[in-house]
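Enquirer: Quick one: the structure is below, and I'll ask about it shortly.
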Amino acid sequence: MDEAAIGVLSARFMRGLETAPAQPAIRINSDTLSYAEAHRTALRWAAVLTEHAGGRPAPVGVLAAGSIPAYVGILAALYAGATVVPLHPDFPPARTRAMLDAAGVTVVVTDEPAVAGLPASLPAGRDVAVLVAGQDPQPRSPLRMLPGRSGRPLPAPRPVLPGDAAYMLFTSGSTGRPKGVPITHASLAHYFRLLDQRYDFDSADVFSQTFDLNFDCAMFDLFCAWGAGAQLLRVPGQAYRDLPGFLAAHQVSVWFSTPSSIGLVRRLGGLGAGSLPTLRRSFFAGEALRCRDAAHWQDAAVNSTVENLYGPTELTITVTRHRYGAGSHQLAVNGVVPIGPLHDGHEQLLVDEAGQPVADEGELWVSGPQLAPGYLDPADGDGRFVVRDGRTWYRTGDRVRRTSGGELLYLGRLDAQVQVHGWRVELAEIEHAVRGCVGVDDAAVLDVTVDDTTELVVFYTGRPAAVVELTRQLRQSLPQRLVPRSYEHRDELPLNANRKVDRPALRARAREMVTGFPKLAPA
234 MDEAAIGVLS ARFMRGLETA PAQPAIRINS DTLSYAEAHR TALRWAAVLT
284 EHAGGRPAPV GVLAAGSIPA YVGILAALYA GATVVPLHPD FPPARTRAML
334 DAAGVTVVVT DEPAVAGLPA SLPAGRDVAV LVAGQDPQPR SPLRMLPGRS
384 GRPLPAPRPV LPGDAAYMLF TSGSTGRPKG VPITHASLAH YFRLLDQRYD
434 FDSADVFSQT FDLNFDCAMF DLFCAWGAGA QLLRVPGQAY RDLPGFLAAH
484 QVSVWFSTPS SIGLVRRLGG LGAGSLPTLR RSFFAGEALR CRDAAHWQDA
534 AVNSTVENLY GPTELTITVT RHRYGAGSHQ LAVNGVVPIG PLHDGHEQLL
584 VDEAGQPVAD EGELWVSGPQ LAPGYLDPAD GDGRFVVRDG RTWYRTGDRV
634 RRTSGGELLY LGRLDAQVQV HGWRVELAEI EHAVRGCVGV DDAAVLDVTV
684 DDTTELVVFY TGRPAAVVEL TRQLRQSLPQ RLVPRSYEHR DELPLNANRK
734 VDRPALRARA REMVTGFPKL APA
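End of the sequence shown = 756 in our numbering, gap-free, step of one.
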């Protein structure tokens, strides 16, 4: 198998296929699909995608939420040598439309539950075809449908080049316009080569999948599992009510989630001593991992190592790791588990506010083989991708401290980006969306963290509006998880002596609203 020719992600599935062809590659509730079945279907769909593109790889959107067709669609796009663009059917149509248009998607793979809302999400004036799992073209369909059930398969996955993009993810921008981040086969080859050297995953493992497929950490689960011939198990929301029972019933051995999941499981009584004995490896990323949470998880997962992983999308999934242990508490700053050293082959700069290198504490800049080539729109990279000393660096916007042993300690964000339910978002994006609501003149959004959960609080001026009306409008431009729950109308936003919005004053009020009054839930 020539990984360099067909791409590291396709090659990883092929490795799993060779190891365990009859084993489930994916399990979602009671539905399973074996490696052999997924391979056959993906080759058939890949032939359809290739023919539609005239033999030239073209970006393929996959619009299906955690269904078996979503996973097969990703594999089929990779087999076709195309760039995969994972999308979420719960996103507002305008947001999906902007991503499809920006990525130049010419075909979307979807499933029956998601296809009903697809027409509103397709870019106007662009000829976008649709492959619906299990359906061939329907005569009365308003969509241009490709055969999803019939057709001859490709003989093998199509070749790619190391610099080709394997997938493209979209992060939030300060203007509210999603920024496309293409991740190349070369970056992924380096990443998974390191993981293969580091971990002993095998076909007996069962991996959790807690992330949506448009979240880059999902690629860790997916292709670590498939590279080992292991089973990937989608974790439904109701599983958290009795996570120990769910993990035991399915013999889950590898867990990966955001740290917020720890607080949820604890509140639901699932973190008793020794309550998660089947786990042998536990990973957390997407938010700061607190020592208290890591300790509680370790007490429950007594047979598991616990690791804190860190990395923005622009650096290919994760680029540091720290194995939690007794020494973690000694190194921790503000009770946060260290993020560890950079992956081999990478260089780092710590930079002060003036942009000058410093010895041991500053903003983290990273350069190396996992660095994305830039944003889909190069203009989005201004100030983020920086050329210095003949190298391209990514400015993470994270402030870190470097220990004498090379560990990086996370100190916090330099800007207004926050983590909400594992999603990295800039408060400016939420404020931009609020200002777009009818009758709103100005807005300030604050983040408040209580009981391991970050809530967004909106202060706005203009015409007073009912919460249900504001949330209804915000759902048109923001993912559901990012729609704030708490709102307060103000005649004016408070200003400090420098004539800037007095955010400390608003933050005090925001904390009072979240902790002292019932939350206003969106309708």
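Just so you know, even glycine gets a beta-carbon here, dropped at the ideal spot from N, CA and C.
Which residues does DSSP pair with F489 in a beta bridge?
Expert: In DSSP, F489 forms a bridge with F516.
Enquirer: Does the Cβ of T748 have 16 or more other Cβ atoms within 10 Å, making it buried, or fewer, making it exposed?
Expert: So T748 ends up on the exposed side.
Enquirer: List, from N- to C-terminal side, the beta strand (DSSP E) runs of 3 residues or more that fit wholly inside the region 323-366.
Expert: Counting whole runs of 3 or more residues, the region 323-366 contains the beta strand (DSSP E) stretches 340-343, 362-365.
Enquirer: Going by the DSSP bridge assignment, what does A398 pair with across the sheet?
Expert: DSSP lists T417 as partners of A398.
Enquirer: For L582, collect the residues of the same chain with a Cβ closer than 7 Å to its Cβ; drop the 5 residues on either side in sequence, then sort them by chain order.
Expert: Contacts found: P590, W598, W626.
Enquirer: Flag this pair as touching only if the region 336-349 and the region 303-316 have three or more C-beta atom pairs under 8 Å; answer yes or no.
Expert: Contact between the region 336-349 and the region 303-316 is present, because at least three Cβ pairs lie under 8 Å.
Enquirer: What first and last residue would you give for the alpha helix (DSSP H) that runs through D454?
Expert: Taken as a continuous stretch (DSSP letters only), the alpha helix (DSSP H) holding D454 covers 450-461.
Enquirer: Measure the beta-carbon distance from C450 to F489 and round it to whole angstroms, keeping in mind my assumption that it falls under 8 Å.
Expert: Their Cβ separation, rounded to whole angstroms, is 6 Å, which keeps C450 and F489 in contact under 8 Å.
Enquirer: Candidates D429, Y543, L497: which alpha carbon is nearest L644's?
Expert: With distances taken between Cα atoms, L644 lies closest to Y543.
Enquirer: Can you tell me whether P254 is helix, strand or coil according to DSSP?
Expert: In this structure, P254 counts as coil in the three-state DSSP scheme.
Enquirer: Would you decide whether E594 is buried or exposed? Buried here means 16 or more other CB atoms lie within 10 Å of its CB.
Expert: Its Cβ having fewer than 16 others within 10 Å, E594 is exposed.
Enquirer: Straight-line CA distance for T274 to L421?
Expert: Roughly 24 Å between the two C-alpha positions.
Enquirer: From L641 to T491, what does the alpha carbon distance come to, in whole angstroms?
Expert: Distance between the alpha carbons of L641 and T491: 19 Å.
Enquirer: Between which two residues does the alpha helix (DSSP H) harbouring E725 extend?
Expert: Premise fails: E725 is in no alpha helix (DSSP H) and is neither H nor E.
Enquirer: Would the beta-carbon of I495 fall within 8 Å of that of N541?
Expert: Cβ atoms of I495 and N541: not closer than 8 Å.
Enquirer: From the DSSP output, which residues share a beta bridge with E540?
Expert: DSSP output for E540 lists F516, R556 as bridge partner(s).
Enquirer: Using the Cβ count rule (16 or more neighbours within 10 Å means buried), how would you classify S515?
Expert: Under this definition S515 is a buried residue.
Enquirer: Starting from the C-beta of A347, find all residues in its chain whose C-beta is less than 6 Å away, skip the five residues before and the five after it, and write them out in chain order.
Expert: L296, A297, P322.
Enquirer: Determine the direct distance from the alpha carbon of A238 to that of A362, and round the result to whole angstroms.
Expert: Their backbone Cα atoms lie some 28 Å apart in a straight line.
Enquirer: From G240 to A399, what does the alpha carbon distance come to, in whole angstroms?
Expert: G240 and A399: Cα-Cα distance of roughly 8 Å.
Enquirer: Quick check: what's the CA-CA separation for L509 versus T551?
Expert: So the alpha carbons of these two residues sit roughly 25 Å apart.
Enquirer: Excluding sequence positions up to five away, which residues of its chain have a Cβ less than 7 Å from the Cβ of L427?
Expert: H576, D577, listed in sequence order.
Enquirer: Is E688 helix, strand or coil by DSSP?
Expert: It is a strand residue.
Enquirer: Determine the direct distance from the alpha carbon of D631 to that of L647, and round the result to whole angstroms.
Expert: L647 and D631: Cα-Cα distance of roughly 6 Å.
Enquirer: Please report how far the alpha carbon of R732 lies from the alpha carbon of L726, in whole angstroms.
Expert: Residue confidence is low: R732 scores 45 on pLDDT, short of 50, so the model does not pin down where it sits. Its coordinate-derived value is still stated next. Rounded to the nearest angstrom, the two C-alpha atoms are 11 Å apart.
Enquirer: Taking the alpha-carbon positions, what's the D334 to A559 distance?
Expert: In a straight line, the C-alpha of D334 is about 49 Å away from that of A559.
Enquirer: What residue range is occupied by the uninterrupted alpha helix (DSSP H) comprising P319?
Expert: First-last for P319: 317-320, but that is the beta strand (DSSP E), not the alpha helix (DSSP H).
Enquirer: According to DSSP, is P611 part of a helix, a strand, or is it coil?
Expert: Looking at P611 - three-state DSSP - the assignment turns out to be helix.
Enquirer: For the region 629-682, which segments carrying the alpha helix (DSSP H) assignment without a break, of at least 4 residues, lie completely within its bounds, in sequence order?
Expert: DSSP runs (the alpha helix (DSSP H)) wholly in the region 629-682: 660-668.
Enquirer: Quick check: the Cα distance between G314 and I416, rounded to an integer number of angstroms?
Expert: The alpha-carbon atoms of G314 and I416 are separated by roughly 14 Å.
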